[in-house]
Amino acid sequence: MAAARDHYLKGLALFGRDEHVEAIDEYRKGLALEPENTEILLAMATAQMNAGRLDEAIATGRRLVELDATDPFAHTSLSMMYQRKGLIDEAEREQAKARMLSWKQELKKNPDAPPPGPAGGMGVVQ
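Put into structure tokens, the structure is as follows:
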């Protein structure tokens, strides 16, 4: 029996060949074994987004941030999905969460880090 990681790696290989629908199928198999694997959820959401399945991608992205609300990249990814769907207000809210979380992580290493914002703070690249 294949492990969740095996399906994840097969999915990544398929994704790399722009076979997004096939990659999604592999990620689903991995999630059937490990439903809360955030690495697989992120990969699946990205594949769904690239396959044009924006509603599915957003649902998967929401699940991802439910499981790991402190991951800035999860919020950045969800922001990108909202943006592609044309949900700009939602995209901006998620991007703001990502910037704030990144700043909080940076503060642990650098207590003098400037707050996020347009005046030179840490921005999230999309």
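FYI, the numbering for the sequence shown is 253 to 378, going by the numbering used here.
Just so you know, even glycine gets a beta-carbon here, dropped at the ideal spot from N, CA and C.
Here the structure is a predicted model, which is why all the values come from computation and not from measurement.
Taking DSSP as the reference, what is the three-state secondary structure of residue i?
i	result
N362	coil
P368	coil
G373	For G373, the predicted structure reports a pLDDT of 39, less than 50, and the residue's modelled location is therefore unreliable. A value from the coordinates is still provided. Here G373 sits in coil by DSSP.
P287	coil
R280	helix
D323	coil
L316	helix
E271	coil
R305	coil
Check whether the Cβ atoms of residue i and residue j sit closer than 9 angstroms, and answer yes or no.
i	j	result
N302	F267	yes
I292	H259	yes
A275	A299	yes
A295	M333	no
L306	K349	no
Tell me, to the nearest whole angstrom, how far the beta carbon of residue i is from that of residue j; I am working on the premise that it is less than 8 angstroms.
i	j	result
Q335	A343	4 angstroms
The alpha helix (DSSP H) spanning residue i covers which residue range?
i	result
T298	T290 to N302
R257	A256 to G268
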